[in-house]
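Enquirer: This is the structure I want to talk about, given as structure tokens.
As structure tokens, this is what we get:
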């Protein structure tokens, strides 16, 4: 399976698209004004203990206090490598299962933390909706092939490396390279084909990072950043580029040079696959990525057979309903339902990745009476989900045709990044944010300037969008005018809604 990574960079945002066999599979968006903080390490201060929830709110310098659960606090009695789960027994005492099958009494939150205590924490989940960030005290620092755990001595191997001989070889190699290290490591999936020199390079890199962190920890005050993860473009180089990735195409020369430098230092085998894209046509247009993003914001997903999916996101869960639509089949009704469900299974796995849907997901397949057909649909869904980079757990199909999924959620879904709740419909639908519309206008002007050219451009849009262009995005608008060498005029159209705009060539 061939794959390409596209990186689109503007001063306002960076977008990364993963393309498999010409089809968009994943999109990542990082905006300069609201970068994600997963992986960042902070010096925090305990703001409030919540004994009833076995958790604490920790101030790390953000608008909202972050959440730290007792199970995410590193303790000498229960190192993170041994804890599989923490739960409350009938008396309310926290009990955990450890790797040898025995149970140990986990300390209560009051025994672990106290008010105003300072501690080093790492963000494992971005703030989502009204919830603050989720924290852990078990710090992990990722590299290309390894994850370093400074507070653990464990050597682990990714479960996706299935061959026992390879797993043992990698484990022994890493032990020989890290005998003097105080911390532990996890070998990532990409380490399966890595050379010894490449793994050794990762070890040296992670040692330098942690040494720098230790120096900052000594002098940092509560609320200060200790370590920040790489920007999106370089994270994509680190995390998304595998052996089957044929090209990494970047439309920003500055980012391209940074990517080349990063690749030469840490992943030299990928350097020759990095390309600078100077084309006049926007790189996302070249692969129809813009169209696919628009489709990913819609409730309805059309299937090739004529069937369709209806996807609804709520705060509690996401529901996916499968429908036959215009597909009537050629044989029996059961065969029609079976083929629609099989096609839907592939589409659902792709939509989870494309939309970055997380948490609880309920799939309502069309009812089938044949048990073999039910098993075949489940296996098809399971196989399609295996390509997901994010962990997905799946249950068996219920008698009503429902399948429950849980997908790890560490960042906002694509819809929540690009859209906001609609005030007109009281949250029953969504609108693109004025910022999103502004950036669409910028891209449209660039597209028009490259293809047709004009003496002047007129942007007609709603009041809120024009206000944003004149205020927060005024610098970006000025930069764009200088780049295309033409003036851009703005005009408010009171009848236009927030997403509506026109770019007029004068």
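In my numbering, the protein residues as written are 782 to 1287. In this text, a Cβ means the ideal position worked out from N, Cα and C, and glycines have one as well.
Using a Cβ-Cβ cut-off of 7 Å (strictly less than) and excluding sequence neighbours within five positions of residue 840, which residues of its own chain qualify?
Expert: Once the five neighbours on either side are set aside, the close Cβ partners of residue 840 are 825, 826, 828, 846, 1003, 1004.
Enquirer: Enumerate in chain order the residues of its own chain whose CB-to-CB distance from residue 1011 is below 7 Å, with the five nearest sequence positions on each side excluded.
Expert: Around residue 1011: 1019.
Enquirer: Tell me which residues share the same chain as residue 795 and place their Cβ nearer than 6 Å to its Cβ, disregarding the 5 neighbours each side in the sequence.
Expert: The residues are 811, 1013, 1014.
Enquirer: In terms of residues, what are the limits of the alpha helix (DSSP H) holding residue 994?
Expert: From DSSP, the alpha helix (DSSP H) with residue 994 extends over 977–1000.
Enquirer: Around the Cβ of residue 1144, are there at least 16 other Cβ atoms within 10 angstroms (buried) or fewer (exposed)?
Expert: Buried, by the Cβ-count rule.
Enquirer: Are the CB atoms of residue 904 and residue 918 nearer to each other than 9 Å?
Expert: No.
Enquirer: Could you tell me which residues DSSP pairs with residue 797 in its beta bridges?
Expert: DSSP lists 788, 809 as partners of residue 797.
Enquirer: Take the Cβ of residue 1072 as the centre, count every other Cβ of all protein chains shown within 10 Å, and call the residue buried at 16 or more, exposed below.
Expert: With fewer than 16 other Cβ atoms within 10 Å, it is exposed.
Enquirer: Determine the extent of the alpha helix (DSSP H) in which residue 1131 is found, giving its start and end residues.
Expert: Looking at the DSSP string, the run of the alpha helix (DSSP H) that includes residue 1131 is 1114–1136.
Enquirer: What separation, rounded to the nearest whole angstrom, lies between the Cα atoms of residue 1194 and residue 887?
Expert: Taking the straight line joining both Cα atoms gives about 34 Å.
Enquirer: Could you give the residue range of the alpha helix (DSSP H) that holds residue 1008?
Expert: Taken as a continuous stretch (DSSP letters only), residue 1008 belongs to no alpha helix (DSSP H), being part of the beta strand (DSSP E) at 1006–1008.
Enquirer: Can you tell me whether DSSP reads residue 924 as helix, strand or coil?
Expert: In this structure, residue 924 counts as coil in the three-state DSSP scheme.
Enquirer: Among 943, 950, 966, which residue has its Cα nearest to the Cα of residue 933?
Expert: Out of 943, 950, 966, 966 has the C-alpha closest to the C-alpha of residue 933.
Enquirer: To which residues of the same chain is residue 1157 closer than 8 Å at the C-beta, ignoring the five residues directly before and after it?
Expert: Taken in chain order, the residues that qualify are 1119, 1123.
Enquirer: May I have the straight-line CA-CA distance separating residue 1270 from residue 1224, to the nearest angstrom?
Expert: Spanning the two alpha carbons is a distance of roughly 16 Å.
Enquirer: If you follow the alpha helix (DSSP H) that residue 1197 is in, where does it begin and where does it stop?
Expert: Taken as a continuous stretch (DSSP letters only), the alpha helix (DSSP H) holding residue 1197 covers 1195–1199.
Enquirer: Pull the bridge partners of residue 850 from the DSSP assignment, please.
Expert: DSSP output for residue 850 lists 836 as bridge partner(s).
Enquirer: Beta-carbon within less than 7 Å of residue 1280's beta-carbon, same chain only, minus the 5 sequence neighbours each way: which residues are those?
Expert: Only 1212, 1213, 1218 meet the Cβ criterion.
Enquirer: Can you grab the Cα-Cα spacing for the pair residue 1150 / residue 802, in whole Å?
Expert: Roughly 35 Å separates the two Cα atoms.
Enquirer: What's the C-alpha gap between residue 1044 and residue 1228?
Expert: Whole-angstrom Cα-Cα distance: 31 Å.
Enquirer: Please give the ranges of any beta strand (DSSP E) in the segment 1227–1269, keeping only runs that are unbroken, at least 3 residues long and fully inside the region.
Expert: Listed in chain order, the complete beta strand (DSSP E) runs (minimum 3 residues) inside the segment 1227–1269 are 1238–1242.
Enquirer: Over the uninterrupted beta strand (DSSP E) stretch that includes residue 915, give me the two end residues.
Expert: Per DSSP, residue 915 belongs to the beta strand (DSSP E) from 915–917.
Enquirer: Output the boundary residues of the beta strand (DSSP E) element that contains residue 1093.
Expert: Per DSSP, residue 1093 belongs to the beta strand (DSSP E) from 1089–1094.
Enquirer: Please list the segments of the beta strand (DSSP E) lying wholly inside the segment 1037–1077, counting only runs of 3 or more residues, in order along the chain.
Expert: The qualifying runs are 1055–1057.
Enquirer: How big is the Cα-Cα spacing for residue 1238 and residue 1259?
Expert: So the two alpha carbons sit approximately 13 Å from each other.
Enquirer: What are the start and end residues of the beta strand (DSSP E) that includes residue 1027?
Expert: Residue 1027 -> beta strand (DSSP E) spans 1026–1031.
Enquirer: Could you tell me whether the Cβ atoms of residue 1185 and residue 1141 are closer together than 9 Å?
Expert: Their beta carbons are under 9 Å apart, which means residue 1185 touches residue 1141 by this criterion.
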